[in-house]
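One structure below.
Protein chains: 2
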Amino acid sequence: MPRDANPLFLSADTMALATDLYELTMAAGYYHAGLNEPATFEMFVRKLPPNRSYLLVAGLEQVVHYLRHVRFSGKAVDYLRAQPVFANVGDEFFDYLRAFRFTGDLHAMPEGTVAFAGEALVRVTAPLIEAQLVETYLLATVNFQTLVATKASRVVAAAQGRAVVDFGTRRAHGPQAGYAAARAAYIGGCVGTSNVLAGYELGIPISGTQAHSWVMAFDTEEHAFQAYYDVFPDSTVLLLDTYDSIAATHKAIAFGPSLRGVRLDSGDLAAQSRRVRKILDAAGLHDTRIFASSDLNEYRIDALLKKGAKLDAFGVGTDLVTSRDAPALAGVYKLVELQRDGEPAPCVKQSAAKKTYPGRKQVRRLSDKRGRYRRDVICLDHEDCGGEALLVPVLRRGKLVGELPSLEAIQQRAGEALALLPPRFRRFKGAEQYPVSISPGLEALRTQAVGHVKRAKA
Amino acid sequence: MPRDANPLFLSADTMALATDLYELTMAAGYYHAGLNEPATFEMFVRKLPPNRSYLLVAGLEQVVHYLRHVRFSGKAVDYLRAQPVFANVGDEFFDYLRAFRFTGDLHAMPEGTVAFAGEALVRVTAPLIEAQLVETYLLATVNFQTLVATKASRVVAAAQGRAVVDFGTRRAHGPQAGYAAARAAYIGGCVGTSNVLAGYELGIPISGTQAHSWVMAFDTEEHAFQAYYDVFPDSTVLLLDTYDSIAATHKAIAFGPSLRGVRLDSGDLAAQSRRVRKILDAAGLHDTRIFASSDLNEYRIDALLKKGAKLDAFGVGTDLVTSRDAPALAGVYKLVELQRDGEPAPCVKQSAAKKTYPGRKQVRRLSDKRGRYRRDVICLDHEDCGGEALLVPVLRRGKLVGELPSLEAIQQRAGEALALLPPRFRRFKGAEQYPVSISPGLEALRTQAVGHVKRAKA
Numbered sequence: 278m279p280r281d282a283n284p285l286f287l288s289a290d291t292m293a294l295a296t297d298l299y300e301l302t303m304a305a306g307y308y309h310a311g312l313n314e315p316a317t318f319e320m321f322v323r324k325l326p327p328n329r330s331y332l333l334v335a336g337l338e339q340v341v342h343y344l345r346h347v348r349f350s351g352k353a354v355d356y357l358r359a360q361p362v363f364a365n366v367g368d369e370f371f372d373y374l375r376a377f378r379f380t381g382d383l384h385a386m387p388e389g390t391v392a393f394a395g396e397a398l399v400r401v402t403a404p405l406i407e408a409q410l411v412e413t414y415l416l417a418t419v420n421f422q423t424l425v426a427t428k429a430s431r432v433v434a435a436a437q438g439r440a441v442v443d444f445g446t447r448r449a450h451g452p453q454a455g456y457a458a459a460r461a462a463y464i465g466g467c468v469g470t471s472n473v474l475a476g477y478e479l480g481i482p483i484s485g486t487q488a489h490s491w492v493m494a495f496d497t498e499e500h501a502f503q504a505y506y507d508v509f510p511d512s513t514v515l516l517l518d519t520y521d522s523i524a525a526t527h528k529a530i531a532f533g534p535s536l537r538g539v540r541l542d543s544g545d546l547a548a549q550s551r552r553v554r555k556i557l558d559a560a561g562l563h564d565t566r567i568f569a570s571s572d573l574n575e576y577r578i579d580a581l582l583k584k585g586a587k588l589d590a591f592g593v594g595t596d597l598v599t600s601r602d603a604p605a606l607a608g609v610y611k612l613v614e615l616q617r618d619g620e621p622a623p624c625v626k627q628s629a630a631k632k633t634y635p636g637r638k639q640v641r642r643l644s645d646k647r648g649r650y651r652r653d654v655i656c657l658d659h660e661d662c663g664g665e666a667l668l669v670p671v672l673r674r675g676k677l678v679g680e681l682p683s684l685e686a687i688q689q690r691a692g693e694a695l696a697l698l699p700p701r702f703r704r705f706k707g708a709e710q711y712p713v714s715i716s717p718g719l720e721a722l723r724t725q726a727v728g729h730v731k732r733a734k735a
Numbered sequence: 278m279p280r281d282a283n284p285l286f287l288s289a290d291t292m293a294l295a296t297d298l299y300e301l302t303m304a305a306g307y308y309h310a311g312l313n314e315p316a317t318f319e320m321f322v323r324k325l326p327p328n329r330s331y332l333l334v335a336g337l338e339q340v341v342h343y344l345r346h347v348r349f350s351g352k353a354v355d356y357l358r359a360q361p362v363f364a365n366v367g368d369e370f371f372d373y374l375r376a377f378r379f380t381g382d383l384h385a386m387p388e389g390t391v392a393f394a395g396e397a398l399v400r401v402t403a404p405l406i407e408a409q410l411v412e413t414y415l416l417a418t419v420n421f422q423t424l425v426a427t428k429a430s431r432v433v434a435a436a437q438g439r440a441v442v443d444f445g446t447r448r449a450h451g452p453q454a455g456y457a458a459a460r461a462a463y464i465g466g467c468v469g470t471s472n473v474l475a476g477y478e479l480g481i482p483i484s485g486t487q488a489h490s491w492v493m494a495f496d497t498e499e500h501a502f503q504a505y506y507d508v509f510p511d512s513t514v515l516l517l518d519t520y521d522s523i524a525a526t527h528k529a530i531a532f533g534p535s536l537r538g539v540r541l542d543s544g545d546l547a548a549q550s551r552r553v554r555k556i557l558d559a560a561g562l563h564d565t566r567i568f569a570s571s572d573l574n575e576y577r578i579d580a581l582l583k584k585g586a587k588l589d590a591f592g593v594g595t596d597l598v599t600s601r602d603a604p605a606l607a608g609v610y611k612l613v614e615l616q617r618d619g620e621p622a623p624c625v626k627q628s629a630a631k632k633t634y635p636g637r638k639q640v641r642r643l644s645d646k647r648g649r650y651r652r653d654v655i656c657l658d659h660e661d662c663g664g665e666a667l668l669v670p671v672l673r674r675g676k677l678v679g680e681l682p683s684l685e686a687i688q689q690r691a692g693e694a695l696a697l698l699p700p701r702f703r704r705f706k707g708a709e710q711y712p713v714s715i716s717p718g719l720e721a722l723r724t725q726a727v728g729h730v731k732r733a734k735a
């Protein structure tokens, strides 16, 4: 490999290799065993992460792109073939990989849907090898974006209508994670991001002004403030805490009411913000907004507002893009149905601690007359359980069923969905557990499938 | 933008935009103010993350690639220019961006170096605008890879010589984070990864066999095991816990001593592993290894081994690639020196809680006669403090000073470095704080610089 090829930037050709090896050994094994009947896998989360009472689904657009475009290049196939593990695998399998396309069906909850533990977020039905191969990439994508969209919605709720902007790229899990986090944070209700690429590629409003280094680069703080204002008179937000926030505020008022804002980035934000607000107001700068940053999250924002902080907007970084208090979403992708002898047969694993439900499923949401969510039922795909079906067709035989929504539409959908979830189920501290039940048809199928398993393993 | 352009895969052209907007507003501001003298920024971590007593540095190779190749494409510049925030910025700045190259010097601790709080991991000296612009990408890259390499080294230590393999891609913060984590985990001492792309691009040994879905896809567990063995006779690791691990072990012994291994993925791994080991040994399968996975980390591996688990290797996923108990590294990038009137002048910020040291610095490590690390001194670049200088030149005027080490060499360096750190400073629980002091020259410079700041802000 040339050393100059930046391996952190994958091309479409190498997407196919962004996966776990066992997807490929299983693929070869299925191929060799002649096992490639239609299979259904479902992605779900067994248990919500700590401090979470719901999930806000995100990442589907990137999954769809992957399913539509994943290909094994000749070089990739040559690499695989040269691995010792594949020594006994015949040519035909590698020819199969070269021609590989995802030709299956994808059902999913649209991005911006509110979901709960046990509910399928994504359902794939395809020939077994295809359905298996796409597991890792699908999980990595939906797990992360859902994690951050969910976190963002909590931070936005804590801000009670004040703007929240994603400032997290530098602390994200690499530059690409920073970019994906900006997308997910926007879905979760952030009004913008500091990530320029997210603006360029996705049209998210971008935001940012100056760092402490700016102030330090000039001989005096006044000169630093003036130099910024000279170039950005309509959007200047002065960073106050390089030396002394209150002294800096007195310098800031010299710019008059056209000064867009000031930012506090350290110390006691509540106390400082009240003093800064008074100084600004006394000078007639009533419209100059006070921004806060500095290790914020939903808990700190809530505490600041309870202490009467005079803050108009929040830049949230590390905690948002890493979902720091719950930094992983343990989504799993499980085989639930496989055609045997021309008939779909339910599949179920039976380990002690991990109860799973077989069969191709649907999630149905029952609402009250005003549209507010009352409860969900996980049922068989075609079982009549009332309510709204949350899994909708996205790909049919590998082709898009309809146009994907814009990011703005996804953000709006998320906001509407959260508003329909009664507050007791979405409080960011001490929320109640939203009721999700299993349909009679699904319970009956599980009983039947477990009986079948007992016979199989005997 | 065409919907089919997968925005999660960045091209070299768009690397430049994978940054915070404020780097670009500051760049425009500096340009307008005519402020582009040589500046030095240092990246360091103020405080080690929770449960960490050292850092294992990683990510430098990707930073070097970025610095050598970052460019603003015409499209990128057009996008920026169209942003309302840049309305008052003249053409010359955008011409500057079009021609932008990183022409500065980079000093850094080589990947695989052991580092501590307060120590510069990376030092950039370049014209102010260049040095500022590269901040976000540099931080996002070094923060994440260092985070995971450090975590990996702890997990590897807990395994006491048993193999640890990265299984985390599906839970990483997106597919690219999974790939970068595989690299960092290898630096931290993992013997391999499940991530195929990390094998393909980086030559890391890849590993993986089968999931529960494999076992479930066949009518009986025996058929599933046999079908796998047929294709992979030299590398079969049978997954035991789809239905009943002990019953599955009795099926596994049918393959005889050539069976490479078995894997336990749920339940009481210590108790099961002892029973499984007995059954394997009784059947003469003494060389068949027992692999464990299932939400492992350094604490669980340690507890398993203390309970007498008969485990030969560990697949570690979520906790490793997200560094779950400390999921962010708060590396910062601070202006420490700026040339004024032809002379380098130290820069220092003076917020209450965040004490920083001005000036271009070096980190020196003092060792005993056997090479074991005794203490570090943070000193001025050319101050004579003895010991080994940890920051070495990597780029000079934008060009590589020497060849970068191979990943294998980095892994080896990391292992040697950790071995030289006395065990009391690297125990993964209850480690002592390694001594790091500030040199007299640096303390004197700080006193002088703070005095200067007091005059500046007055």
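One line per chain: the protein sequences are A and B, in this order. Position 74 of the first sequence, counted from 1, bears residue number 351 in the working numbering, the numbering being contiguous throughout. Position 118 of the second sequence, counted from 1, bears residue number 395 in the working numbering, the numbering being contiguous throughout. Note that CB positions come from ideal geometry on N, CA and C, so glycine has one too. In this text, all values refer to a predicted model and were calculated from it rather than measured experimentally.
Of the residues the options, which one's Cα is nearest the Cα of residue i?
| i | options | result |
| --- | --- | --- |
| V514 (chain A) | A:Y505, A:Y520, A:D521 | A:Y505 |
| A548 (chain B) | B:A586, B:L479, B:P404, B:I523 | B:A586 |
| I530 (chain B) | B:T519, B:R554, B:Y520 | B:R554 |
| V625 (chain B) | B:K584, B:R723, B:K706 | B:R723 |
| A622 (chain A) | A:E300, A:V678, A:E685, A:P315 | A:P315 |
| Q503 (chain B) | B:D521, B:L536, B:A524 | B:L536 |
| P712 (chain B) | B:P699, B:L410, B:R647 | B:P699 |
| S512 (chain A) | A:V539, A:A385, A:F421, A:D658 | A:V539 |
| T427 (chain B) | B:R652, B:Y331, B:N313 | B:Y331 |
| D542 (chain A) | A:D521, A:A304, A:A559 | A:D521 |
| G663 (chain B) | B:E478, B:D653, B:A457, B:H729 | B:D653 |
| P604 (chain B) | B:I523, B:V425, B:Q689 | B:V425 |
| R577 (chain A) | A:R431, A:Q339, A:L562 | A:R431 |
| R378 (chain B) | B:T302, B:Y343, B:D368, B:L597 | B:Y343 |
What does DSSP give as the partner residue(s) for residue i in the beta ladder?
| i | result |
| --- | --- |
| A392 (chain A) | A:L332 |
| N472 (chain A) | B:D297 |
| S644 (chain A) | A:Y650 |
| I655 (chain B) | B:V640, B:I715 |
| M736 (chain A) | Residue 736 (chain A) lies beyond the stretch modelled for chain A, which goes from 278 to 735, so this question has no answer here. |
| L317 (chain B) | One point to set straight first is that residue 317 (chain B) is Thr, not Leu, in the sequence displayed. According to DSSP, T317 (chain B) bridges with B:T402, B:E614. |
| K626 (chain B) | In DSSP, K626 (chain B) forms no bridge with anything. |
Rounded to the nearest angstrom, how far is the Cβ of residue i from that of residue j, given a contact under 8 Å?
| i | j | result |
| --- | --- | --- |
| I240 (chain A) | I481 (chain A) | In the structure as shown, chain A begins at 278 and stops at 735. Residue 240 (chain A) is therefore absent and cannot be evaluated. |
| I567 (chain A) | D589 (chain A) | 5 Å |
| F318 (chain B) | L398 (chain B) | At roughly 12 Å, the Cβ-Cβ gap does not stay under 8 Å, so F318 (chain B) and L398 (chain B) are not in contact. |
| N748 (chain B) | L606 (chain B) | Not covered by the structure: residue 748 (chain B). The range shown for chain B is 278 to 735. |
| R460 (chain A) | Q422 (chain A) | 7 Å |
| A726 (chain A) | P635 (chain A) | 4 Å |
| V334 (chain B) | A392 (chain B) | 5 Å |
| A440 (chain B) | V468 (chain B) | 5 Å |
| Y414 (chain A) | A295 (chain A) | 6 Å |
| T595 (chain A) | D297 (chain B) | At roughly 13 Å, the Cβ-Cβ gap does not stay under 8 Å, so T595 (chain A) and D297 (chain B) are not in contact. |
Would the C-beta of residue i count as close to the ligand PLP, meaning under 8 Å from any of its heavy atoms?
| i | result |
| --- | --- |
| R674 (chain B) | Here there are no bound small molecules, and the ligand PLP is not part of this structure. |
List, in order along the chain, the chain C residues whose C-beta lies closer than 9 Å to that of residue i?
| i | result |
| --- | --- |
| C467 (chain A) | This model lacks chain C altogether, as its protein chains are A and B. |
Q: May I have a chain-ordered list of the beta strand (DSSP E) segments no shorter than 3 residues that lie completely inside the stretch 507 to 558 of chain B?
A: 514 to 516, 538 to 541
Q. Fully enclosed by the stretch 384 to 460 of chain A, which alpha helix (DSSP H) runs are 4 residues long or longer?
A. 405 to 410, 412 to 435
Q) Of the residues that make up the stretch 569 to 592 of chain B, which ones have a beta carbon closer than 7 Å to any beta carbon in chain A? A) none
Q) At a Cβ cut of 7 Å, what residues of the stretch 480 to 504 of chain A count as close to chain B, listed as they run along the chain? A) I483, S484, G485, T486, Q487, A488, H489, S490, W491, M493, A494, D496, T497, E498, A504
Q | chain A contacts from the stretch 361 to 378 of chain B (Cβ-Cβ distance under 8 Å) | A | P361, V362, A364, N365, V366
Q: Could you run through the stretch 292 to 308 of chain A and flag, in chain order, every residue whose CB is less than 9 Å away from some CB of chain B?
A: M292, A293, L294, A295, T296, D297, L298, Y299, E300, L301, T302, M303, A305, G306, Y307, Y308
Q: Scan the stretch 439 to 454 of chain B for residues whose Cβ lies nearer than 8 Å to a Cβ of chain A and list them as they occur along the chain.
A: F444, T446, R447, R448, A449, H450, G451, P452, Q453, A454
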